[in-house]
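Those sequence lines, one after another, are chains A and B.
Note that numbering that gives the first Met the number 0 numbers the first sequence so that position 65 is 64, with each residue one more than the last.
Note that numbering that gives the first Met the number 0 numbers the second sequence so that position 57 is 56, with each residue one more than the last.
Note that the Cβ used here is the ideal one computed from N, Cα and C, for glycine as well.
One structure is given below, encoded as structure tokens.
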Amino acid sequence: MSILVFLEHHGNELQKGSLSVLSKAASLGAGDVYGVVAGSGVRELASGAGKYGASKVFVADDPALEAPLPQPRVDVIATLVREQSIDTVLLAQSVLAADVAAGLSARLDAGLNWELVDIEEQDGKLVGTRPALADSVYVQVGWKGEPCIGIFRSGTFDPKETGGEAEVVDTPVQLEDFSTAATMIEQAHEEQQGPSIEDADVIVAGGRGLGGPENFTLVEELAKALGGAVAATRAVVDAGWYPYATQVGQTGKTVSPKLYVACGISGAIQHKVGMQSSSVIVAINKDPNAPIFEYSDLGVVGDVHEVVPKLTELVKQRKRSAS
Amino acid sequence: MKIAVCVKHVPEAASRRIDPSTKRLDRSGEGALNAFDANALEEALRLKDASGEGEVVAVSMGPQKASDTLRKALAMGADRAVLVSDESAAGSDLVATSYALGKALAREEPDLVLLGQQASDSDGAVLWAAIAERLRRPMISQVAELTASDGKVRGKRQTEFGYDVIEAPLPAVVAVSDAINEPRYPSLKGIMGAKKKPQETLSLDDLGVESERAGEAGSKTEVLGLTDPPARGDSRRIEDDGNAAEQIAEFLAEKRLI
Chain A
0 MSILVFLEHH GNELQKGSLS VLSKAASLGA GDVYGVVAGS GVRELASGAG KYGASKVFVA
60 DDPALEAPLP QPRVDVIATL VREQSIDTVL LAQSVLAADV AAGLSARLDA GLNWELVDIE
120 EQDGKLVGTR PALADSVYVQ VGWKGEPCIG IFRSGTFDPK ETGGEAEVVD TPVQLEDFST
180 AATMIEQAHE EQQGPSIEDA DVIVAGGRGL GGPENFTLVE ELAKALGGAV AATRAVVDAG
240 WYPYATQVGQ TGKTVSPKLY VACGISGAIQ HKVGMQSSSV IVAINKDPNA PIFEYSDLGV
300 VGDVHEVVPK LTELVKQRKR SAS
Chain B
0 MKIAVCVKHV PEAASRRIDP STKRLDRSGE GALNAFDANA LEEALRLKDA SGEGEVVAVS
60 MGPQKASDTL RKALAMGADR AVLVSDESAA GSDLVATSYA LGKALAREEP DLVLLGQQAS
120 DSDGAVLWAA IAERLRRPMI SQVAELTASD GKVRGKRQTE FGYDVIEAPL PAVVAVSDAI
180 NEPRYPSLKG IMGAKKKPQE TLSLDDLGVE SERAGEAGSK TEVLGLTDPP ARGDSRRIED
240 DGNAAEQIAE FLAEKRLI
């Protein structure tokens, strides 16, 4: 077996998610494990993948790969798969990686399984595990033919340093016309404002169920009473109700506080992966079918506009009587 | 501008189950328009309204019942609907679906193909990239703000690092996020008028899709088994009858969190 792991970078760092998938691939002990880094001026980054288990890292270094756009990366990986007889391509979930994986799947007519939380080798074939239907069932998935492509759910594994050196190999970059037609006009940069939510012991988060940006005061007051930080879902950040720096989820921060209070949050997978490792999760939502109740320690079917202010008052009372 | 919008007919949330015999999602019950696709359709209608001309075609692949979903799309304002429906397409994975749907879309020759951010039944959130590849067109995903002018589309989208602005020449493929708009409800006039709008059903044969490239035969992934997920400790559920706040406070005190 020869496994190629897509190593995503941002700034001058390989992403933790990619390195985690690389460690997992190496731990399978199922043959050769390679990495691929695609970008502009990224050769320096490549050797760093050695200690996470890559024996070889292919580097596609080209100004046309500067912006983190998926289609030129499909060209690079498709060429590598063909020329290096790669039979498996693994990626860590991200906005970029999902698009790369699906483009590659269509380009090579190669099976793609996503949302994987585990993978193992059985009789020379890979078998993945994928939660489905709001994680109420685990599905064992396989691939027919080669190559096999898999995307792992964010935060599924931790990167493991096992030492080791990777041979760095330049790979030629040949791009299709349509792959370079989309252009980056303005690239995202980290917005640093407000206190970081990643270190907070208590987080109170608000979602669309709050009804409007003005109702975030309910969340802020509860957070203040609990001595915690305020977080938001992607939906409300995209709608402009709250700053991006407070966003928890797949495209936001990953947090694991002692207490996470979700107010008016349905709990779609995009949010779940950012907060599921919180020690205690309390969810308040008026929709009894909200997926968040599936993974809450205490689920309250109720109106956030009534429950949250009352709770804030009760928390304040308890703190007063305790002091 | 001619815009094709991909819409999926998904089983109602409450009745979603995997059929143990086929290990596929049971699609025999009631279904509805995938809510995320309503955002894509709404955006198509807005682009058409803004330019004052053009055509919006709703395209779906699924069982015959998916025509209900297409009728909803027509009621919202789509001009025409195309359903790819064929028994041998059942059980198609990404490879097989993108191949057949790609053929149906290529036949329409749209300036823009729009998709929603995910399918609520399979949690799939990748189809657009496979469609763009099949059509060999530039693609922008996760778009939360979209504009079209001078033969180009420009999209603002969120990634793990903040907001990107990406531009692509038409023809292009764009996947929108659910934050992009609030989809309209079909008006009574729209619902009445939907029945008169053209709705065509295509077989795989009509599209020139070989049977070995469709359905399970054309799929490159397979379901091997089903197991129970690991349990996540005790989960308590309460309905607010006026004292939910007290119960939460008690719970937090019990856990020594306040």
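Ser93, Val94, Leu95, Ala97, Asp98, Val99, Ala100, Ala101, Gly102 and Leu103: these are the residues of the region 84-103 of chain A whose beta carbon lies less than 9 angstroms from some beta carbon of chain B, given in chain order.
Interface residue (Cβ-Cβ distance to chain B less than 8 angstroms): A:Ala181 is classified as such.
Among the residues facing chain B, A:Gln173 is not included, as its CB has no counterpart in that chain under 8 angstroms away.
Under the rule that a run must span 3 or more residues, the beta strand (DSSP E) segments found entirely inside the region 249-314 of chain A read 258-262, 279-284 and 297-300. Beta-bridge partners assigned by DSSP to A:Tyr137: A:Pro130 and B:Thr226.
In this chain, the alpha helix (DSSP H) harbouring B:Ala131 covers Leu126 to Leu134. Close CB contacts of B:Gly30 within its chain, under the 8 angstroms cut and outside five residues either way in sequence, are with His8, Val9, Pro10, Glu11, Lys64, Ala65, Asp67 and Thr68 (chain order).
The DSSP-derived three-state label of B:Gly154 is strand. A contact between stretches requires three or more CB pairs, one per stretch, nearer than 8 angstroms, and the region 236-245 of chain B fails this requirement with the region 161-170 of chain A. In the three-state scheme derived from DSSP, where H, G and I count as helix and E and B as strand, B:Leu256 is classed as coil.
Of the candidates A:Val306, A:Asp74, A:Tyr33 and A:Glu43, the residue whose Cα lies closest to the Cα of A:Phe57 is A:Tyr33. Excluding residues up to 5 positions away in sequence, Pro290 and Glu293 lie with their Cβ nearer than 6 angstroms to the Cβ of A:Ala133 in the same chain.
Residue range Lys55 to Asp60 is occupied by the beta strand (DSSP E) that includes A:Lys55. With respect to A:Val35, A:Leu6 sits close: the two C-beta atoms are nearer than 8 angstroms. Within its own chain, the residues whose Cβ lies closer than 7 angstroms to the Cβ of A:Thr128, once the five positions on either side in sequence are excluded, are Leu115, Val116, Asp117, Tyr137 and Gln139, listed in chain order. Counting other Cβ atoms within 10 Å of its Cβ, A:Gly210 stays below 16 and is therefore classed as exposed.
Residue state for B:Ser148 is assigned as strand, using DSSP reduced to three classes. Shown here for A:Ser276: same chain residues with a beta carbon closer than 6 angstroms to its own, the five before and five after excluded, namely Ser255 in chain order. Between A:Gly52 and A:Leu21, the C-beta gap is smaller than 8 angstroms, which places the two residues in contact.
By alpha-carbon distance to B:Ser97, the top candidate from B:Pro185, B:Trp127 and B:Arg106 is B:Trp127. What A:His9 touches in chain B, judged by beta-carbon distance under 7 angstroms, is Phe160, going in chain order.
Pairwise C-beta distances place the region 176-184 of chain A in contact with the region 119-139 of chain B, as three or more of them are shorter than 8 angstroms. A straight-line Cα-Cα distance of about 5 angstroms links A:Glu185 and B:Val164.
Burial check for B:Ala95: the Cβ neighbour count within 10 Å reaches 16 or more, so the residue is buried. Of all residues in the region 192-226 of chain A, only Val201 and Leu225 come within less than 8 angstroms of chain B when Cβ atoms are compared, listed by chain position. Under the three-state reduction of DSSP, A:Asp237 is assigned to helix.
Exclusion of the five residues before and after A:Gly49 leaves Gly163, Glu164 and Ala165 as the residues of its chain whose Cβ lies within less than 6 angstroms of its Cβ.
In the structure shown, A:Asn214 adopts helical secondary structure according to DSSP, grouped into three states. Between the alpha carbons of A:Ala131 and A:Ala321 lies a gap of roughly 45 angstroms.
Looking at the backbone, the Cα of A:Ala105 and that of A:Ala59 are separated by about 21 angstroms.
Assigned with DSSP and collapsed to three states, B:Ser210 falls in helix. Sixteen is the threshold: when 16 or more other Cβ atoms of the shown chains lie within 10 Å of the Cβ of A:Arg152, as they do, the residue is buried. Note on geometry: alpha-carbon atoms of A:Gly149 and A:Leu103 lie some 11 angstroms from one another. As the crow flies, the alpha-carbon of A:Gly263 is around 29 angstroms from that of A:Gly16. Judged by beta-carbon spacing, A:Thr87 lies beyond the 8 angstroms limit of A:Leu111, meaning their Cβ atoms are not closer than that value. Sequence-distant Cβ neighbours of A:His8 in its own chain, meaning closer than 7 angstroms and more than five residues away, are Gln14, Val36, Gly38, Val41 and Leu44.
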